[in-house]
Amino acid sequence: MNRKTALAAAVAAALTLGTVAVASSQSPALASGTTANGAGFQAMTSVGRAAVLEQAEKDAKGLAKSLGLGPDERLLPKDVLVDNDGSRHVRYDRTYRGLPVVGGDLVVHYGKNGKVTSTTWAHEGAIKVAGVTPKLSGKDASAAAARSAKHVKQARTTNLDTSQLVVWAVGKVPVLAYRNTVTGAGEAGANSREAVLLDAASGAVLDQYEVNQTVSGTGNGVNVGQVTIETSQGGSGYTLTDALHGSTVIYDSYNSPQSNPAQNARTFSKSTNSWGNGSTSSRESAAVDASYGLAKTWDYYKNTFNRSGIRNDGRGAPAYVHVDNQLLNAFYDDSCFCMSFGDGSSQNGNTPLTALDVAGHEMSHGVTAATANLNYSGESGGLNEATSDIFGSMVEFYANNSTDPGDYYIGEKLRMGNGYLRRMDNPAADGSSLSCYSSRAGQVDVHYSSGIANHFFYLTAEGTGAKTIGGLSHNGTPCNGDSFSGIGKEKAAAIWYRALSTYMTSTTNYSSARTATLQAAADLYGANSQERYIVSKAWAAVSLGTALPDPGGNQSPSPTPTSSPTGNPNPGNALTNGDFEQGATGWTQSANDITNTTQQQAHGGSWYAWMMGYGSAATETLAQNNVAVPSSGSPKLTFWLKVTTQESGSTAYDTLKVSANGQTLATYSNANASSGYVQKTVDLSAFRGQTVNLQFAGQEDAYLSTIFLIDDVSVG
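Residues -23 to -1, 1 to 693 in mature numbering (1 follows the signal peptide of the UniProt record, and there is no 0) are what the sequence shown lists, from first letter to last.
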């Protein structure tokens, strides 16, 4: 018998209300190489996984050279997944002269023959910065971070806050930066922490976001009822140590501050194996909920995706209940590899935040940190939050607990005023969340932009139309008036998990998430499968991209919406989304050129195309197919262009070429540098009445960078 199973059997006890018995049946970890269903990955023992990562570390230097990385860069293997056919996906973090590179992560994909087939980059190509000696001192950076904080009030630095020198590679041009944390009053309570990224030369703010990945200031008081949880026996009594789930320990934080939940923490221990009384009068009751919820989350990932714990290494993360005072929050913190649950406040009847879907939500933040590590700001932050909502809901379905049946409402047990925290079927119902993609997605709170992916997932799983799920009314209303059936929640979850763990990186945005899920669907079910088709339909139904042709033979496109919820229709423009305000809609890009980052400015609106700017040999293309050139008059292409460069003189070292059907019509270069946007006009008379493929192609040489910014493109 497995040693852990034997221990469980030895301390099993009778179950009554409020009594917990140690589970006596748990499958041991499968050996590496055993196949299973789910997202197409093999199960791996911790020993087998460590061996593959050790080999990846040995190969890292040669791999870095083959990928074109510079001599100052190092690849650090972080995780590995092995497909059922033997293909491998190895995830790496990156350093530059020993400094962490934020946005430097990548996934290298190997075929079953062991050869590299492709690479998924957060920041493609070599990293280059002028130096690693900051102009701004660490003390000045901390002070600037406190002044600049926008997510917390009365920001200050404490002994728990940090200031770390990093390379910021989220934008196209990497810069030396400080990653600082500050403490103040915010969404997570009186001691919320915010990360502030500052340019180490100028002190300019590059990014900022709350550190704790939370359920957005909500409470819950789920009484999971009569349940079995795993405990451990030692000495003269029992503790809430779950030996069957990575030795996860539930601690009583004894109202330690959320910035340090372990400060006053104690283990739950007693001479009998009976815990809690089903109410807040016993401090054990919240611990029972947390233990049960985290065990169910572990089991869901293990039995569905062959994932052994948060980091896939078989190790459980500690969890703290009764954190802080009047804390309407729960969160995962990767810096301590731990989870914290508050007791709620008068706003929710002082109900502890230990709901089943909240436990699944928070532990899933850990899984995201261990895989794609999606940045917790902008569109990637919305995807991060949505991932936790998606898998928190899936854990609720998996647990099949009669007191909390599965549904697509988030926090429906939280005793909040409207009866829930978020709704995946209709995110906008809360008055703040986005149901449809728009150019605002990168600017709103990540808990609200998560609604786009939540809505996509619901529509993929359940389709459109009204239905009752888990006793609650759901209505999958698309943004484009379409109508279709879903593929089921299990397939939808498998696609999302594979996309997250295999194709997403720290900088993935919504457009890239669409690409990642389409690839994951093709991996699992085939490029011409109905599943992949429905994934494309669901993205189109949340205003992102267009649906693929129906593989069943029905080539009719989805109904065209009568009005677009986003962007400027720009009457008379033959181009789709010429102002880029609908993100990548209508465009094909070789890199993530279309952006709304504030590192550069748009000509109009907030979205634009940023091409080149690497400072090394590189090429990029941005294109739109099937552009109908007017058949009368003098048709032309107009657009606004801003060129900034490190080059000097009139020699064209770096170029941007404009072509139609492969014929170059105009060339711009570093010699066209300008302080602002300049309107450009290209004659299209030779293509009058034709349908053309319009393309912008950038090329940069090996030295110094040139940035081409394009906006407000029009054909007419």
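For glycine and all other residues, C-beta sits at the position ideal for the given N, C-alpha and C.
For residue i, which three-state DSSP category applies?
i: Phe308; result: strand
i: Ser193; result: In this prediction, Ser193 scores a pLDDT of 32, lower than 50, which makes its location untrustworthy; no coordinate-derived value is stated.
i: Pro54; result: strand
i: Ile446; result: strand
i: Gln640; result: strand
i: Met588; result: strand
i: Gly291; result: coil
i: Ala27; result: helix
i: Ala(-18); result: Bear in mind that a pLDDT of 27 at Ala(-18), under 50, signals an unreliable position, so the number given afterwards is only what the model happens to contain. Helix, per DSSP.
i: Leu40; result: helix
i: Ser691; result: strand
i: Ala600; result: strand
i: Ser262; result: helix
i: Cys413; result: coil
i: Thr318; result: A small fix is needed here, since residue 318 is Phe in this sequence, not Thr. Residue state, collapsed to three classes: strand.
i: Lys89; result: coil
i: Gly394; result: coil
i: Gln203; result: coil
i: Leu681; result: coil
Which residue's Cα is closest to the Cα of residue i: the options?
i: Leu662; options: Ala637, Ala648, Ser652 and Gly675; result: For the record, residue 662 in the displayed sequence is Ser; it is not Leu. Comparing Cα-Cα distances from Ser662 to each of Ala637, Ala648, Ser652 and Gly675, the minimum goes to Ala637.
i: Thr110; options: Met393, Tyr155 and Ala121; result: Tyr155
i: Leu113; options: Trp587, Leu174 and Gly163; result: Leu174
i: Gly223; options: Asp276, Lys42, Ser506 and Ser262; result: Asp276
i: Gly610; options: Gly666, Asp556 and Leu495; result: Gly666
i: residue 696; options: Trp564, Ser450 and Thr134; result: In the structure displayed, the chain extends from -23 to 693; residue 696 sits before or after that span and is not available.
i: Ser23; options: Gly45, Asn289, Asp266 and Tyr87; result: Asn289
i: Gln420; options: Gly458, Gly358 and Gln601; result: Gly358
i: Gln19; options: Gly626, Ala37, Gly63 and Ala103; result: Gly63
i: Phe318; options: Asn232, Glu101 and Glu34; result: Asn232
i: Leu142; options: Ala99, Leu330 and Pro77; result: Pro77
i: Pro528; options: Lys514, Leu521 and Asn452; result: Lys514
i: Leu52; options: Gln32, Asp60 and Asn61; result: Gln32
Take the Cβ of residue i as the centre, count every other Cβ of all protein chains shown within 10 Å, and call the residue buried at 16 or more, exposed below.
i: Asn306; result: buried
i: Glu50; result: buried
i: Pro526; result: exposed
i: Tyr680; result: exposed
i: Arg475; result: buried
i: Asp660; result: exposed
i: Ser169; result: buried
i: Arg400; result: buried
i: Gln559; result: buried
i: Cys323; result: Note on residue identity: the sequence assigns Ser, not Cys, to residue 323. Classification of Ser323: exposed, given that the 10 Å Cβ count is below 16.
i: Gln131; result: exposed
Do you know how far the Cα of residue j is from the Cα of residue i?
i: Val150; j: Gly592; result: 8 Å
i: Gln303; j: Gly180; result: 36 Å
i: His299; j: Ala239; result: 11 Å
i: Arg284; j: Tyr278; result: 5 Å
i: Arg65; j: Val512; result: 24 Å
i: Asn325; j: Asp301; result: 16 Å
i: Gln532; j: Ala517; result: Caution is warranted here: a pLDDT of 37 is assigned to Gln532, below 50, making its placement in the model unreliable, and no coordinate value can be reported.
i: Asn649; j: Val620; result: 6 Å
i: Met371; j: Thr345; result: 15 Å
i: Tyr435; j: Trp473; result: 12 Å
i: Gln577; j: Ser268; result: 47 Å
i: Gly675; j: Thr632; result: 6 Å
i: Glu677; j: Ser646; result: 10 Å
i: Asn395; j: Gly388; result: 11 Å
i: Arg509; j: Ala162; result: 44 Å
i: Asp384; j: Leu153; result: 45 Å
i: Gln210; j: Tyr297; result: 20 Å
i: Pro612; j: Ala551; result: 10 Å
i: Gly75; j: Ala561; result: 35 Å
i: Glu101; j: Val519; result: 28 Å
i: Thr208; j: Gly465; result: 35 Å
i: Asn547; j: Gly80; result: Residue confidence is low: Asn547 scores 42 on pLDDT, short of 50, so the model does not pin down where it sits. No coordinate-derived value is stated.
Hey, would you say residue i sits closer than 8 Å to residue j, going by beta carbons?
i: Asp381; j: Leu333; result: yes
i: Thr96; j: Val85; result: yes
i: Gly463; j: Thr445; result: no
i: residue 695; j: Ser230; result: One cannot answer for residue 695 here, as it falls past the ends of the chain, which runs -23 to 693.
i: Ser248; j: Gly214; result: yes
i: Leu642; j: Ser483; result: no
i: Glu597; j: Ala568; result: yes
Mind checking if residue i is an interface residue toward chain D, Cβ cutoff 8 Å exclusive?
i: Glu31; result: Within the model displayed, chain D is absent; a lone protein chain is all it includes.
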